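Notes to accompany the following structure.
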Amino acid sequence: MSLRRYVVRRTLLTLPILLGVSVLTFGLVKLLPGTPVDYVLQFQEATPELRASLRAQYHLDEPLWKQYLLWLNDVLHLDFGDRVVSDRSVSAAIAERLPETLVLGGAAFLIALLVGVPAGVVAAVRRGTLLDEGSRVVALAGIATPNFWLGLLLILVFGVHLDLVSVIPPVAPILAPESLAFLVLPAVTLGTASAALFTRLTRSAVTDQLRQEYVRTARAKGLTERTVIVKHVLRNSLVSVVTVAAVQVAFLLDGAVVIERVFSWPGLGRLLVRAILQRDFPVVQAVVLLVAVAVVVANLLADVLYAWLDPRITY
Amino acid sequence: MPPFTTSRRRLLRWVGAASAAGVAGCSGGTGDGTELVATLGADVSNYDPTLANDTTSRKAFDLVYESLVAVDFEGNVRPTLATSLDRRDDLTWRLSLREGVTFHDGSDFTAADVKATFERYEGTPRESDVYLWYDDATIRDDYTLDVTLSEPYAPFQLSLGGVPIVPEAAATGDLDLSTGPVGTGPYAFDTHEPDRLYRLVRADDHWYGGDGVPDTPPIETITFRIIVEQSSQLAALQAGDIDLANNPPADAVADLRDDDAITVSDRLAGGFEMLIFPLATPPFSNRDVREGVARLVPREAIIDAVYGGIGQPAYAPISPLLSDYTSDAFLQEMGDEYMRYDPDRARELLTAGFDETGVSPPYETTIVTNETGDRVRWAQLVRDELNGTDFFDVSLEQFEWNTYIERVLSGDSHRSDAMMALGWSGGWDPDTYLRNMFYSGQATPSCCNAAHYANDEVDRLLDEALTTYDTAERRALYERAQRQVVSDVPVAFVRFGTRIEAYRTDAVEGFRTYPLDSGEFSAIYAPWANTYTTVGGS
């Protein structure tokens, strides 16, 4: 099968997955105790008529299956409706925050890859040395540290005591120098666990590859060690890193929920948490669906990358 | 361009002198550049007073809208958009309005705006703000209108203070308040970047012109940074990234007080914490058992351990903030007779109560609470006290807020076996501390009487007090109602709350803490209370 046909087939296969995700998204939100009406009314005294009219406004008076179909129909038209807590549209709220989350997640992902992969290679090449042991300890600490705590610690050290960075995002465009400077701490916080994971994973993959016979052949024909590692070993090791990298996309979006709160970063994570607490169902459904789509697409890309990295993989 | 909130010193360190030179040009502009950077603990969700049900939204538009009257820092009604309120008879009030006031959209303020504002509330989530008392309004001329009440309503003047006046165009649909609040206040809405910031700028021609405070607010721009995480808010205050932190957690206050750069301002507020008993369930159906538990609530220890010494033990519902309606002597008397921590007395009462109900100790039960840290910790102290006796085996259960509220207000929580830890916010009128919690018609799910406490005498007293305009008469009625409620012990009152603000000592001057929710920022410019705030430097 050609790569192109594979990509098309693999893409079509994601459709039933997405449909399943939509059912889950819709259903899980409905399982939350409380409705938008409870949130809107809070402690106010309310007449039964007012309650009923509010329920009708959110289609809560329809049977569940009909609510789902109404919602799915809107979603397919990329219409996520209006928010419960304000009369702004869900799409506008998401569009406002998507760049923030992408920039933060992208920076964290970049840090994780740029730190994790080289560190893993070095640890594998120098395995058994102090450098290898040191990277193991640091990686374990990185995976074990709750990012919430790490974030607050970095804020206290670099924001309050050393006063090198602002504790809250500067009022400036997202790609302005001061915004990017501010982004360093949250991106490091968010990327640490992933970097640690990439380190361990790359080390073990590279270690495996180094034992392969082709490495001996490559060395025997006189290639420099650098060429052996970078051109041969690393490329073959990356297959497993790519798989995990796709899963890490989900982790980074997950982590953003916490990091955005600690660093007051106005991204999707903040929107999602608040929407859940306020029973702002349309927002919760839209964001969860978006994240699910991102993860599905990331996995699709990973599958395509395999084929490119390792031509021996056939389908 | 807006002033940057990061300091110039910090920018220099980061991006070098070249780009800092560009930044320096941004702090000028047409105004004097004075800016106060404050915080909001959640995002603003609504600009429309008929929709906004969260305190964040309400405090965010507090300086933009004005009501016919304002309530000053001591609870006195002060004229603002109205110049006088005259009661013609029990049901009719004649309101004279201030002339020469304009809304931020340029339209003139007249009686038509007032009538339209009131009637916009019908069928909205905040309907009860107006329709608890409003029947009709007759416009006599542009600056006079008669308001007819559905029945005599003692808190009428105070209630007017909670109804922000919007332009008539908002009622006819010609003005959309969902894009920004439009009022007559000293500050106009500038911008809102969701979850990032909310900014107000000084209004051009606010109507005030008198002695005591400047004609226009000294601070040109107020930027509210939206910081959800409390620890981050405190770090931002300590780092100087913000000038004023709204509502920092009580347990951080001791640390903040040790910091010379920061001033902590705290004030008794209008609200209390309580433990609600499930009145339909033995042994809590027995009055002595309830008083026994109430006397095991270690209020002083709670205030010391949980709230850093801030607050006051509560022995009755009405906050001492309302000096016209309660007194320290009355509270102490209620404490002595029914509530104060007294393990010996508790043991006698519990012995008698358990005997009477036939429940054999230890009784296994729970205290339920939401996840608010302070509330969980006082509930733990109460649990430990109860488990220290032979009568109870209590465990603590925590719920996420919406789940919790649904459980408490469901309508049958009084039949469960769980005691409920909850807070209640009242206002400037005594009715707000009693009716929703203790009136029989307010039993859940109608409103918030989760204990399903029902006492004809209390109902009658509350109804009579609500329609009595004379303050001394009302005070007597509320004293009787409180005495009855406290002696029946449907809830154990725990603590009267406080409002706390912390600000940079060198940056903020003249700020005062307003004791009620959503009025916190009125001290920035409140000519009706002779109060205004300035910021140091520039």
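Listed in order, the protein sequences are those of chains C and X.
Residue numbering for the first sequence is 1449 to 1763, as defined by the numbering used here.
Residue numbering for the second sequence is 5 to 542, as defined by the numbering used here.
For each residue, glycine too, the CB sits at the ideal point set by N, CA and C.
Please read these numbers as outputs of a predicted model, since none were measured by experiment.
- Residues of the stretch 1608-1620 of chain C with a C-beta atom less than 8 Å from some C-beta of chain X are 1608, 1611, 1612, 1613, 1614, 1615, 1616, 1617, 1618, 1619 and 1620, listed in chain order.
- Under a criterion of Cβ atoms nearer than 8 Å, no residue of chain C is adjacent to residue 286/X; the nearest Cβ is some 28 Å distant.
- For residue 410/X, the closest C-alpha among the options 451/X, 506/X and 399/X is that of 451/X.
- Per DSSP, reduced to three states, the secondary structure at residue 152/X is strand.
- Excluding the 5 residues flanking it on each side, residue 1644/C has same chain C-beta neighbours closer than 6 Å at 1587, 1590 and 1591, in chain order.
- Scanning its chain for C-beta atoms nearer than 6 Å, with the 5 sequence neighbours on each side dropped, one finds around residue 100/X the residues 87, 88 and 148, in chain order.
- Taking all protein chains shown into account, residue 1597/C has fewer than 16 neighbouring C-beta atoms within 10 Å of its C-beta and is therefore exposed.
- Using beta-carbon distances, residue 1725/C counts as an interface residue toward chain X, with a partner under 8 Å.
- Residue 244/X counts as buried, since at least 16 other C-beta atoms from the protein chains shown sit within 10 angstroms of its C-beta.
- In summary, the residues of the stretch 422-444 of chain X whose CB is separated from some CB of chain C by less than 8 Å are 440, in the order they occur in the chain.
- Distance from the CA of residue 521/X to the CA of residue 65/X, rounded to the nearest whole angstrom, comes to 13 Å.
- Excluding sequence positions up to five before and after residue 1507/C, its CB lies within less than 7 Å of the CB of 1515 and 1518, all in the same chain and listed in chain order.
- For residue 1603/C, the neighbours in chain X by C-beta distance under 9 Å run, in chain order, 235, 236, 239, 240 and 243.
- Residue 42/X is bridged by DSSP to 228/X and 248/X.
- The distance from the Cβ of residue 466/X to that of residue 484/X is about 10 Å, inconsistent with a contact at the 8 Å cut-off.
- Chain-order list of chain C residues neighbouring residue 205/X: empty, with the shortest C-beta distance near 14 Å, by a criterion of under 9 Å.
- Here residue 1664/C is exposed. Its C-beta has fewer than 16 other C-beta atoms within 10 Å.
- Between residue 517/X and residue 421/X, the gap from beta carbon to beta carbon reaches 8 Å or more.
- Contact between the stretch 334-341 of chain X and the stretch 266-278 of chain X is absent: fewer than three C-beta pairs spanning the two stretches fall below 8 Å.
- The DSSP assignment places complete alpha helix (DSSP H) segments of no fewer than 4 residues inside the stretch 1631-1707 of chain C at 1661-1668, in order along the chain.
- Between the alpha carbons of residue 1632/C and residue 306/X lies a distance of about 41 Å.
- In its chain, beyond the 5 residues on either side, 280, 281, 283, 294, 442, 455 and 457 have a beta carbon closer than 8 Å to the beta carbon of residue 494/X.
- Judged by DSSP in its simplified three-state form, residue 1455/C adopts helix.
- Contacts with chain X at 8 Å (Cβ-Cβ) do not include residue 1503/C.
- Distance from the CA atom of residue 71/X to the CA atom of residue 430/X, rounded to whole angstroms, is 19 Å.
- As summarised for the stretch 1591-1618 of chain C, the continuous alpha helix (DSSP H) elements at least 4 residues long and confined to that stretch are 1595-1602, given in chain order.
- The three-state secondary structure of residue 453/X, taken from DSSP, is strand.
- Judged by beta-carbon spacing, residue 273/X lies beyond the 8 Å limit of residue 311/X, meaning their Cβ atoms are not closer than that value.
- Residues of chain C with a Cβ closer than 8 Å to the Cβ of residue 229/X are, in chain order, 1616 and 1712.
- Secondary structure note for residue 1567/C: its alpha helix (DSSP H) is the uninterrupted segment 1538-1573.
- For residue 1541/C, the residues of chain X that pass the 9 Å Cβ criterion are 198, in the order they occur in the chain.
- For the pair residue 277/X and residue 499/X, the CB atoms are nearer than the 8 Å cut-off.
- For residue 475/X, the uninterrupted alpha helix (DSSP H) segment begins and ends at 475-492.
- Taking residue 43/X as the centre and dropping the five residues before and after it, the same chain places the C-beta of 229, 231, 237, 246, 249 and 250 closer than 6 Å to its C-beta, in chain order.
- Here the alpha carbon of residue 1638/C sits roughly 45 Å from the alpha carbon of residue 1498/C.
- In the three-state scheme derived from DSSP, where H, G and I count as helix and E and B as strand, residue 193/X is classed as strand.
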